[in-house]
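Taking it in order: structure first as structure tokens, then the write-up.
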Amino acid sequence: MDKERLRTGLGRGPKVDPGVELLVASGLFVWLSGRLPGTIAAYLALGHEVDVESLFTRLPGWRWVLPRVEPDGALTWRDRDLPREVHSFGMSQPVDRGEAVPVSHIDVFLVPGMAFDETGARLGRGGGHYDRVLAVRRKDSAAVGVTVEDRVIEAVPVHDHDQRVDWLATESGVRECSPKGRAG
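Count the sequence shown with the working numbering and you get residues 766 to 949, in order.
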């Protein structure tokens, strides 16, 4: 199945149940609590994505940054405490104020997606924003795909530019992706 057909089918599914979101966030809290505090790139949930905002205040000592889609299509990272605006794509994002946080300063990326597979392949919304960021991240940083078990599918179609995540966070907990077949 191609990516567009998958996106269309998954876009018709139900929103994530708040109780399931709480389980995903709880698993992430436990996983992150076992790591040294650093900088986390999170996101503000859109549509059928798992909302992770409850974690922002539960992990003091961590610096939380959020994505901003710039006019040229680049994804930059801004402190979560900045005022927000609505982008033309419909998602909330920090305003263009202050310095952007360099990708090299980010220790953990929480990555939304429409679907993932066990090798860490990700089906995004089609803009390639996260692929471009993950392609230039530090090798010792962690990329965590955040989703629900119903959206972990057998295989996500992968193109040469697609970047995989290292971990999957679902209501079942946080697990490392299988290295079998991993690219990039």
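All residues carry an ideal CB built from backbone N, CA and C; glycine is no exception.
- request: Check the C-beta distance from K899 over to Y808 and give it rounded, since I have them as a contact under 8 Å.
  value: Residue mapping note: residue 899 aligns to position 134 of the sequence shown, counting from 1. Residue mapping note: residue 808 aligns to position 43 of the sequence shown, counting from 1. Rather than Lys, the amino acid found at residue 899 in this sequence is Leu. Wrong, their Cβ atoms sit about 13 Å apart, outside the cutoff.
message: Tell me which residue opens and which closes the alpha helix (DSSP H) that E936 is part of.
response: Taking the sequence shown and counting its residues from 1, the one referred to as residue 936 is at position 171. Unbroken run through E936: none, as it is neither H nor E.
task: Would you kindly check if the distance between the Cβ of V911 and the Cβ of P877 is under 8 Å?
output: Here the question's residue 877 lines up with position 112 in the sequence shown. Here the question's residue 911 lines up with position 146 in the sequence shown. Yes. Within cutoff.
message: By the three-class DSSP mapping on this structure, what secondary structure does W796 have?
response: Position 31 of the sequence shown, counted from the first residue, corresponds to residue 796. Note: W796 maps to helix in three-state DSSP.
- prompt: Which whole-angstrom value is the C-beta distance of R845 and F881, which I expect to be below 8 Å?
  reply: For the purposes of this step, residue 845 is taken as the residue at position 80 of the sequence shown. For the purposes of this step, residue 881 is taken as the residue at position 116 of the sequence shown. Contact flag wrong, Cβ pair sits at about 24 Å.
field: Same chain, Cβ closer than 7 Å to R947, five either side skipped, listed in chain order
entry: Translated into the one-based positions of the sequence shown, residue 947 becomes position 182. Reliability fails at R947, whose pLDDT of 45 lies under 50, so the model's placement of it is uncertain and no value is given.
field: Alpha-carbon to alpha-carbon, V909 and S791
entry: Your numbering for residue 791 matches position 26 in the sequence shown. Your numbering for residue 909 matches position 144 in the sequence shown. Their Cα atoms are separated by approximately 14 Å.
field: Close beta carbons around G803, own chain, < 6 Å, minus the five adjacent residues each side
entry: Within the sequence shown, numbered from 1, the residue matching residue 803 stands at position 38. Cβ neighbours of G803 beyond the five flanking positions: D872.
Contact check, A934 vs V789, beta carbons under 8 Å: Here residue 934 is taken as the residue at index 169 of the sequence shown, counted from 1. Here residue 789 is taken as the residue at index 24 of the sequence shown, counted from 1. Yes, the pair counts as a contact, with Cβ atoms nearer than the cut-off.
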